[in-house]
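Going by this note's numbering, the first residue of the sequence shown is number 667, and it counts up by one from there.
All C-beta atoms, glycine included, are put in the ideal place defined by N, C-alpha and C.
Step one of this worksheet: look at the structure below.
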Amino acid sequence: MAEQSTDDFKSTFALLQTVEKLCRTGEVRKLADAMAVIESQAPESEPKKPRHHMQRVQASSEANMTQLRFSESAKKTQISRRKKNKSQKVQTLQRIRRRAKLLSTGKFKTDLTLEELGSLLEQLYCYALVAKTLELFRLKEVQVHASHKIQRMNVGQPHPQPEGILSREVCTAAISEIDMRVEEKEGNALYLARWDDFGYVTIEQLRAMVLVIDARVAMTKVEAALKWIDMVAICSSAEEPPFNDCASYPKEVIKDCVENMALNTYTTAGEDIEGVRLLDFCEKKWLSSTCVRAGLIFLARHYVMKNVGFILPDWYPFEEGPRRNKAAATNG
């Protein structure tokens, strides 16, 4: 039973006495009639206040609901924390890019770690920015003979520090198996790849290794393109207007553009362009589909005011990227 105060007991006792009096005088015979008579005789008064125990229950529930609600200060704290984390991430990337630029000019001697280099190569990068950094990077490619095993990271296990870079095929195979192991609400950071003759590697380190290998291949293609520019001889008599303006550009300007062009994938005019593929023709002597698409986009923009038109390429009706690339390669 709920606890009653003295005031509650007195009011209940007075109500019972009133009902008893009405029954003795013969005015009512039922309790319901007695209650109706009492309500009709009672003067209009203020609404009854809730009982003390009800007040305590109501106050307790309101306090609990207040704790569940997010106040304005809490919301502002969460927003400021998110902005701070984002700014710290941006500042970290800016600091890494600044260190890479200092490395390229010889003003900084300490090379980047594997994670820092991976975060740099995830963004748009060029030859002028990362060539010296990759040259000074201490980790070299190593070969493993044992097969990899995927396992969970143990509690308290130190963060792995690889002493080399695995081959691209080995890294991609381990990444695919880790992604297959990940369950719905788990992150792939919980898993490690282990080789008996190499050690433990996280999935972020594996992805960074793939980026480093691809970047080293891109550096060789840029160097081949720079050598080709030095050797090529432009025959001005074979050029027709308005395309004869290329001879006015010195080779140093063209080489500077190649050194500062983006080498990974970016989007322009609705097309995904992988910058390093624009330099493949130096080795293969054949334009790839990327060169054809990027060349048409450049010509259409550069000569838009010179009454030069370009026919709509045959691959544009295709929505799928692979079919478009296949058609472009056939036409090229």
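query: Rounded to a whole number of angstroms, what is the C-alpha to C-alpha distance between HIS825 and GLU788?; result: 21 Å
query: Is it buried or exposed for THR691, if we count other Cβ within 10 angstroms and need 16 for buried?; result: exposed
query: The alpha helix (DSSP H) with ALA891 in it runs from where to where?; result: 869-897
query: Specify the secondary structure class of ALA859 as computed by DSSP and reduced to three states.; result: strand
query: Just curious, the beta strand (DSSP E) that ILE816 is in, first and last residue?; result: 815-818
query: If you draw a straight line from the C-alpha of LYS887 to the C-alpha of VAL821, how long is it?; result: 44 Å
query: What beta strand (DSSP E) runs, 3 residues minimum, are completely inside the region 753-813?; result: none
query: In this structure, how does DSSP classify GLY822 when only helix, strand and coil are distinguished?; result: coil
query: I need the DSSP call for ILE900, collapsed to helix, strand or coil.; result: coil
query: Provide the residue span of the alpha helix (DSSP H) that contains ASP938, from first to last.; result: Premise fails: ASP938 lies in the beta strand (DSSP E), 937-940, not in any alpha helix (DSSP H).
query: Just checking, does the region 824-839 make contact with the region 956-967 on the three C-beta pairs under 8 Å criterion?; result: no
query: Which stretch, first to last residue, makes up the beta strand (DSSP E) that contains TYR969?; result: Element bounds for TYR969: n/a, residue is neither H nor E.
query: Between the alpha carbons of LEU734 and TYR791, how many angstroms are there, rounded?; result: Only weak support exists for where LEU734 lies, its pLDDT of 48 falling under 50; the coordinates are left without a value.
query: Looking at VAL878: is its Cβ nearer than 8 Å to the Cβ of ILE831?; result: yes
query: Indicate whether THR758 and ASP777 have their beta-carbon atoms separated by less than 8 Å.; result: no
query: Does the Cβ-Cβ distance between LEU805 and LEU769 come in under 8 Å?; result: no
query: Which of the three DSSP states, helix, strand or coil, is assigned to GLY865?; result: strand
query: So the alpha helix (DSSP H) VAL919 belongs to, where does it begin and stop?; result: 917-925
query: Relative to the C-alpha of ILE920, which residue among ILE900, ALA874, VAL808 is closest?; result: ILE900
query: Are the beta-carbon atoms of ALA891 and LEU945 separated by less than 8 Å?; result: yes
query: Going by DSSP, which residues form a beta bridge with ILE831?; result: GLU807
query: Just the C-alpha distance for GLU712 and CYS689, rounded to the nearest angstrom, thanks.; result: Residue confidence is low: GLU712 scores 49 on pLDDT, short of 50, so the model does not pin down where it sits. No coordinate-derived value is stated.
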